[in-house]
Amino acid sequence: MRRWLVLPIFVAGLPTLAAAQDIQDSTIALRPQPTAALALADALQQARSKSPTYRQALNNADPARWGVRNAYGNFLPQLSVSGGLGYTGSGESQFAAFFQNTPAFISSNYLIGFQWKLDGRVLAGPGQQKALERATSEDIADADVSLRADVTTQYLNVVAGAAQTEVARQQVVRNNEFLRLARARYQVGQATLIDVRQAEAIKGTSEVALLQAYQRENEAKLELFRRMGVEPPVPVQQVSLTDSFPVTAPTYQLDELVHLAEAENPSLRALQERETAARANVRAVRSDFYPRLTAQAGWSGFTQQFTDENQLLAQSLQSAQLAAAQCQFENQIRTGLSLGGVNPDCLGSNGLNPTGTGFFAAPAQQIRDRNNVFPFNFTSQPFQASLTISLPIFTGFSRHLQLSQARAQQRNADESLRAQGLLVRANIEGRYLAVGTSYQSIGAQGQARDAAREQLRLARDRYRVGLGSALEVTDAQNAVTQAEGAYVGAVYDYHRAITALEAAVGRPLR
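Residue numbers (numbering that gives the first Met the number 0): 0 to 509.
Given below as structure tokens:
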């Protein structure tokens, strides 16, 4: 392609008919055959599923829904279950003023409990969380409006870039024709070599302008895919946009647009819901001055198992021997006083053998069995339940502080809503005026374009018959290019203005 750009420099000294044909064929054919088409509706659909910014807004929907569920869940009792395992080593432990050696043991425990409370914050919770959920939904709708405006505007930028590329291409064609004319007149002696050189220079400049316009068009396509959140399926040079945007006279009414925005604009509706949530929060905080009802209940149990059975048996033997000695002492007293009721077998009744130095096998096994409780053979504790009504009397003005802060947040929400309403109205009115201005600009630029084209036709005719100069033709061609580019800009400025107006209203208008 660079050879085509520099070739006229080398052949300019040989302005022959064959060279003129080469120049005609050197018009830059930049646009390849498209292999992928993209409609605006498809671009918006892909953006809604892939745009990172929009997906971040969607991610807020799930926490908002769980906020409502949590608010209703606070009316139900909170149930908790816990369990644990423990180990305590052997050593000396103190009970009151006495010390004794305790063996190592393992333990386990469980606790099943529930707690239920009712206060003003619980009662106000569902209304507040529902308002916040609706505000989140409106935030998502507002993000969709912004996404639509962003993608549509960039889609228009690409289409406008393609139109500007075509304007630049037409300028190259006109400059080719002018170069052929200059060379033909030079060959018959009606023009100078300066005219030929000037035509060649202008042609080269227009080809560079075409390259630059094509580069801007491709960069606009890349930016479009970036805003959609996807990568181009094929090289952007092979992507064509299929939507067209006809120009029709605007029929919008300012008052209708404002009323429509007041009813449907997502940013306004989101702030309205947040103001509702702020009012509910004031009611919730005010309820801290009223009584609170709390109910609790629980079941628990434990196990304790000694790890050294021999030490356990030794301690149990010591206790049994003490009990047997006490039994024998009582027998002596009852016998001496002739009271009767003597226990004939103090040793056997405590599981001891006749010598009193150990247990029989059965009592010893029973002791082992009673110790084998870890980890699930729990000893249940008594059921516990309570019902409490509490009313804080003085809390260091903390409730007054929280209530004042909640009221300040509500007033701030009111002012934010009012400020957003003023902003939306100002944006709508400004963009409404921009739509009208841009539509009038299309008419003015169309007249300027037609005048420039007529000027170019006259300049060419004068130059062809030898009455005009090459400079007149060059100026006329530049004027046509500028006028056509300005007309294209006016057309797509109009469509961008409508897109901006739709974003200000908060809904599509076409």
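Note that the Cβ used here is the ideal one computed from N, Cα and C, for glycine as well.
Taking C-alpha positions only, residue 486 is separated from residue 66 by approximately 53 angstroms. Beta-bridge partners of residue 86 (DSSP): 105.
In the structure shown, residue 372 falls within a coil segment according to DSSP collapsed to helix, strand and coil.
For residue 388, the uninterrupted beta strand (DSSP E) run begins and ends at 383-389, by DSSP.
The continuous beta strand (DSSP E) containing residue 300 extends over residues 291-305. Contact check for residue 63 against residue 135 passes: the beta carbons are separated by less than 7 angstroms. Under the DSSP assignment, residue 190 falls outside any beta strand (DSSP E); it carries neither an H nor an E label. The closest CA to that of residue 431, considering only 496, 233, 335, is found on 496. Here residue 437 is buried: its Cβ has 16 or more other Cβ atoms, across all protein chains shown, within 10 Å. Under the 8 angstroms Cβ criterion, the stretch 130-144 counts as touching the stretch 260-273, having at least three qualifying pairs.
Residue pairing by DSSP places residue 111 opposite 80, 298 in a beta bridge. Under the three-state reduction of DSSP, residue 224 is assigned to helix.
The secondary-structure analysis by DSSP pairs residue 378 across a beta bridge with 301. Bridge partners of residue 239 according to DSSP: 36. If you ignore the 5 residues before and after residue 125, its C-beta comes within less than 8 angstroms of the C-beta of 67, 70, 71, all in its own chain and listed in chain order. Judged by DSSP in its simplified three-state form, residue 264 adopts coil rather than helix or strand.
Between residue 374 and residue 107 the beta-carbon gap is near 4 angstroms, inside 8 angstroms, which marks them as a contact.
For residue 54, the enclosing alpha helix (DSSP H) covers residues 51-57.
Annotated three-state conformation of residue 328 is helix, per DSSP. Considering only 53, 269, 75, 304, the residue with the shortest C-alpha distance to residue 88 is 304. A contact is defined here as three or more CB-CB pairs under 8 angstroms, and the stretch 190-209 fails this definition with respect to the stretch 227-244.
Residue range 397-463 is occupied by the alpha helix (DSSP H) that includes residue 428. Secondary structure note for residue 497: its alpha helix (DSSP H) is the uninterrupted segment 469-504. For residue 248, there is no enclosing alpha helix (DSSP H), since its DSSP letter is neither H nor E. Short of 6 angstroms from the beta carbon of residue 508, and not among the five residues preceding or following it, lie these beta carbons of its own chain, in chain order: 501.
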